[in-house]
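Peer 1:
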Amino acid sequence: MNKSQLHSPADVPFADNACVKNHDIVEDQNVAEIIAMIPAAGIGSRMKSDCPKQYLNVAGKTILEHTLAALFEHPRIQRVIIALNPADTQFAQLPIASDPRITTVIGGEERADSVLAGLEHLASLPTDRAIWVLVHDAARPCLHRNDLDSLLRIIDHNAVSPDICGGLLASPVRDTMKRMVSLSLSGSSTINHTLIAHTVDRNGLWHALTPQLFPLQLLRDCLIKALADQACITDESSALEHCGYRPVLINGRADNIKVTQPEDLALAEFYLSQKAKESIV
1446 MNKSQLHSPA DVPFADNACV KNHDIVEDQN VAEIIAMIPA AGIGSRMKSD
1496 CPKQYLNVAG KTILEHTLAA LFEHPRIQRV IIALNPADTQ FAQLPIASDP
1546 RITTVIGGEE RADSVLAGLE HLASLPTDRA IWVLVHDAAR PCLHRNDLDS
1596 LLRIIDHNAV SPDICGGLLA SPVRDTMKRM VSLSLSGSST INHTLIAHTV
1646 DRNGLWHALT PQLFPLQLLR DCLIKALADQ ACITDESSAL EHCGYRPVLI
1696 NGRADNIKVT QPEDLALAEF YLSQKAKESI V
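Going left to right, the sequence shown walks through residues 1446 to 1726 as my numbering numbers them.
So this is what it looks like as structure tokens:
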């Protein structure tokens, strides 16, 4: 199989030992445990709010509560690790904070640091089961069960491909892409203007979403190396890429949005209401 091959939700022929190289993954799918990891130590400065964006209310609950509900909706996810800011006082006030399925750890300054803190906690626990870690954004509350099913097929299918090391939800780029350049134009030397440098060919470009799913030990090792190398790590798959792996792109729904800007709140509320209607039908 070509390592760069893309897959739609219906045709993911992978097994839970599909990530090899120097990491032993148990082949029996029945022993693999899936643990979700939510990095939630950020402050969400782009939201221009008085609290981190994961604690903003949408459709009657905080964004983080919706995110947790979407994960716990799947029967294979029975444990969630949440990396919190050391100064966080809001999570403990949520009703779901007492849920025994949730464990909190102290996060770091960057996303990779927070994820690694959760992985180190998991690695310290005794277990005789293969563990796959499902990393999901705290501010991505509109995850659908079907997308989660599609991603988890990386573990569940019996066909083995040694090229596969895990994967992530993603969606093809639909808009025309422009690369920008910042220049000072004549007559306005103190003002930088954002101009088009050139149009980027969108063929083959995808938006990386979450969740992202990888074996615990492999993800931990790749994050440690990437951070030691001072690589630019914006998501978990980029740490795998830095170490020579090619995670699989699983075509996910475009409404699996990340709440980043104030205008995203109304859109998230709409998508959540639509999701609720679909669950009733």
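Idealized CB from N, CA, C, for every residue including glycine.
#1: Taking the alpha carbon of Ile1702 as the reference point, which residue from Ala1477, Asp1495, Thr1512 and Lys1506 has its own alpha carbon closest?
#2: Does the count of Cβ pairs from the stretch 1497-1504 and the stretch 1559-1575 closer than 8 Å reach three?
#3: In terms of alpha-carbon separation, which member of Cys1688, Ile1641, Ile1526 and Ala1673 lies closest to Lys1582?
#4: Just list the residues that DSSP pairs Thr1512 with in beta bridges.
#5: Going by the CB atoms, is the gap between Gly1563 and Ala1537 shorter than 8 Å?
#6: Could you name the residues that DSSP lists as bridge partners for Ser1616?
#7: Expressed to the nearest angstrom, what Euclidean distance is found between the alpha-carbon atoms of Ser1682 and Ser1616?
#8: Just reading off the beta strand (DSSP E) that Glu1554 is part of, what are its end residues?
#9: What three-state label does DSSP hand His1589 in the structure shown?
#10: Nearest to Gly1689 by alpha carbon, out of Glu1510, Lys1722 and Leu1664?
#11: What's the gap between the Cα of Asp1544 and the Cα of Ala1514?
#12: Would you please verify whether the beta carbon of Ala1562 is less than 8 Å from any beta carbon of chain B?
Peer 2: Taking the structure as given:
#1: Ranking Ala1477, Asp1495, Thr1512 and Lys1506 by Cα distance to Ile1702 puts Thr1512 first.
#2: At 8 Å Cβ cutoff, the stretches do not touch.
#3: The sequence given here has Asp at residue 1582, not Lys. The option with the nearest alpha carbon to Asp1582 is Ile1526.
#4: Thr1512 pairs with nothing; no bridge assigned.
#5: In this structure, Gly1563 does not lie closer than 8 Å to Ala1537 by Cβ.
#6: The bridge partners DSSP lists for Ser1616 are His1652.
#7: Roughly 15 Å between the two C-alpha positions.
#8: Annotation for Glu1554: no beta strand (DSSP E) segment contains it, and DSSP assigns it neither H nor E.
#9: The answer is coil: DSSP assigns His1589 none of H, G, I, E or B.
#10: The option with the nearest alpha carbon to Gly1689 is Leu1664.
#11: Distance between the alpha carbons of Asp1544 and Ala1514 is about 12 Å.
#12: The chain inventory of the structure shown lacks chain B, comprising one protein chain alone.
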